[in-house]
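In the numbering used here, the protein residues as written are 340 to 573.
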Amino acid sequence: MYLILVYTLLPAISILAGLCLADDTCPEVKVIGVGDTDKLTILRGCPGSPGSSGPKGDRGTPGEKGREGSLGKVGPQGQKGELGDTALLVRKTAKNCKELLDEGMVLSDWYTIYPDDETPLKVLCDMHTDGGGWIVFQRRWDGSVDFFRDWKSYKAGFGSRLNEFWLGNDNLHILTASGTWELRIDLTDFENMKYFAKYDSFQVFGESEKYKILLGAFTEGNAGNGGQQYESTF
């Protein structure tokens, strides 16, 4: 039946197209006829003029993000760049307590310094005694820390920042390896009498030389020149 219907329409459509072109008018839709075999053939008239555009629809929801594409091929190697300028060594902060004092740190406290411009070292800075800027490398006052230690302990340092401590022979060597250092020894007896002694230079050598002490001249103090008896090793 489908093939018969198509063949039945073709002559009628051809005739109708001729009428549209000749008269510039379009006939109404008509029923051509009903056959004995119950086949219905309908002839459509010419299309009307296009209507006006409808309103713009709402924007649709964004689609899901697509999968990441495969990695592309490695591009060719670029040209070698020009040699950069020579870098300058930038100091992180002060090398000692005196420099911190000059920068305005006036409170006695624990500070981080960089003796070799690279390695940080936490030290107690006395910013009040004798003009300030002193590094305290030993403090003993209440017997809370045992100072009868072995070589390894004195090498690395021990004690508590809250009371008694020893800064460490390795740290003293790093601190005094460059520049000129003064040494001040402060003593307080059981009757709370205070004594001190000062020396114009102080240096501690490395472990290979058994932390030998090089002590300069006694300059002042009411404790006498007692430090000379310790001018050997720690």
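Note that beta-carbon positions come from the ideal geometry of N, C-alpha and C, so glycine has one too. Keep in mind it's a predicted model, so treat the numbers as computed, not measured.
Who are the Cβ neighbours of Leu541 in its own chain at under 7 Å, not counting the five residues just before and after it? As a first step, residue 541 must be located in the sequence shown, where it is residue number 202. This sequence places Phe at residue 541; Leu is not what is there. Taken in chain order, the residues that qualify are Thr515, Trp520, Glu521, Leu522, Leu554, Gly555.
Under 8 Å between C-beta atoms of Asn435 and Ile474: As a first step, residue 435 must be located in the sequence shown, where it is residue number 96. As a first step, residue 474 must be located in the sequence shown, where it is residue number 135. Contact: yes.
Kindly indicate which residue of Trp449, Asp456, Gly470 has the alpha-carbon position closest to the one of Trp463. As a working mapping, residue 463 is identified with position 124 in the sequence shown. It should be pointed out that residue 463 corresponds to Leu in this sequence rather than to Trp. For Leu463, the nearest C-alpha among the options comes from Trp449.
Backbone secondary structure at Lys461 - three-state DSSP: Counting from 1 along the sequence shown, the entry for residue 461 is found at position 122. DSSP places Lys461 in strand when its eight states are reduced to three.
Pick out whichever of His467, Ile513, Arg398 has its Cα sitting closest to the Cα of Thr458. Residue mapping note: residue 458 aligns to position 119 of the sequence shown, counting from 1. For Thr458, the nearest C-alpha among the options comes from Ile513.
Determine the extent of the beta strand (DSSP E) in which Glu559 is found, giving its start and end residues. As a working mapping, residue 559 is identified with position 220 in the sequence shown. Segment 557-560, the beta strand (DSSP E) holding Glu559.
At least one CB of chain D closer than 8 Å to the CB of Val475: is that the case? Chain labels in this structure do not include chain D; a single protein chain is all it has.
Measuring alpha carbon to alpha carbon, tell me which of Glu442, Thr432, Met466 ends up nearest Thr451. Reading the sequence shown from its first residue, position 112 is the one you call residue 451. Out of Glu442, Thr432, Met466, Thr432 has the C-alpha closest to the C-alpha of Thr451.
Runs of beta strand (DSSP E) lying entirely within the region 432-503, each at least 3 residues, in chain order: 448-452, 460-465, 473-475
Around the C-beta of Lys491, are 16 or more other C-beta atoms found within 10 angstroms, so that it is buried, or is it exposed? If you number the sequence shown from 1, residue 491 lands on position 152. With fewer than 16 Cβ atoms within 10 Å of its Cβ, Lys491 is classed as exposed.
For Leu511, count the other beta carbons within 10 Å of its own beta carbon; 16 or more makes it buried, fewer makes it exposed. Which is it? Reading the sequence shown from its first residue, position 172 is the one you call residue 511. The residue is buried, with at least 16 neighbouring Cβ atoms inside 10 Å.
Pairwise C-alpha distance: Val413 and Trp505: Along the sequence shown, one-based indexing puts residue 505 at 166. Along the sequence shown, one-based indexing puts residue 413 at 74. If I take the Cα positions, the gap works out to 58 Å.
In whole angstroms, what separates the C-alpha of Ala361 from that of Ser391? One-based indexing of the sequence shown puts residue 361 at position 22. One-based indexing of the sequence shown puts residue 391 at position 52. Its pLDDT being 41, under 50, Ala361 is placed unreliably in this model, and the value from its coordinates should be taken loosely. When rounded, the distance between both Cα atoms is 28 Å.
Which stretch, first to last residue, makes up the alpha helix (DSSP H) that contains Leu514? Position 175 of the sequence shown holds residue 514. From DSSP, the alpha helix (DSSP H) with Leu514 extends over 508-515.
Which of helix, strand or coil DSSP assigns to Leu553: As a working note, residue 553 is residue 214 in the sequence shown. Looking at Leu553 - three-state DSSP - the assignment turns out to be strand.
Quick check: the Cα distance between Gln416 and Arg406, rounded to an integer number of angstroms? Within the sequence shown, residue 416 is the residue found at index 77, counting from 1. Within the sequence shown, residue 406 is the residue found at index 67, counting from 1. Cα to Cα, the separation comes out at about 29 Å.
Near Thr558, what residues of its chain come up, given a Cβ to Cβ distance below 7 Å and the 5 sequence neighbours on each side ignored? For the purposes of this step, residue 558 is taken as residue 219 along the sequence shown, with counting starting at 1. Excluding sequence neighbours, Thr558 sits near Lys537, Tyr538, Asp539.
Can you tell me whether Leu427 is buried or exposed, with buried defined as 16 or more other CB within 10 angstroms of its CB? To locate residue 427, count along the sequence shown from 1; it is residue 88. Annotation note: pLDDT 47 at Leu427 (below 50); position unreliable, coordinate value reported separately. Counting Cβ neighbours within 10 Å, Leu427 comes out exposed, since fewer than 16 surround it.
Can you list, in chain order, the residues of its chain with a C-beta nearer than 8 Å to that of Gln477? Leave out the 5 residues immediately preceding and following it. Taking the sequence shown and counting its residues from 1, the one referred to as residue 477 is at position 138. Phe504, Trp505, Leu506, listed in sequence order.
Residue range of the beta strand (DSSP E) that Arg523 falls in? Position 184 of the sequence shown, counted from the start, is the residue given in the question as residue 523. Segment 522-527, the beta strand (DSSP E) holding Arg523.
Buried or exposed for Pro394, going by 16 or more other Cβ atoms inside 10 Å? Position 55 of the sequence shown, counted from the start, is the residue given in the question as residue 394. Exposed.
Roughly how many angstroms lie between the CA atoms of Tyr453 and Trp480, to the nearest whole one? Reading the sequence shown from its first residue, position 114 is the one you call residue 453. Reading the sequence shown from its first residue, position 141 is the one you call residue 480. Looking at the two C-alpha atoms, the distance is approximately 28 Å.
Which residue from Phe529, Lys461, Asp509 puts its Cα closest to that of Leu500? Taking the first residue of the sequence shown as 1, we reach residue 500 at position 161. Before going on, a small fix: residue 500 reads as Arg here, not Leu. Considering only alpha carbons, the answer is Lys461.
Apply the 10 Å Cβ neighbour rule to Asn508 and answer buried if 16 or more other Cβ atoms are within range, or exposed otherwise. Looking up residue 508 in the sequence shown gives position 169. That one is buried.
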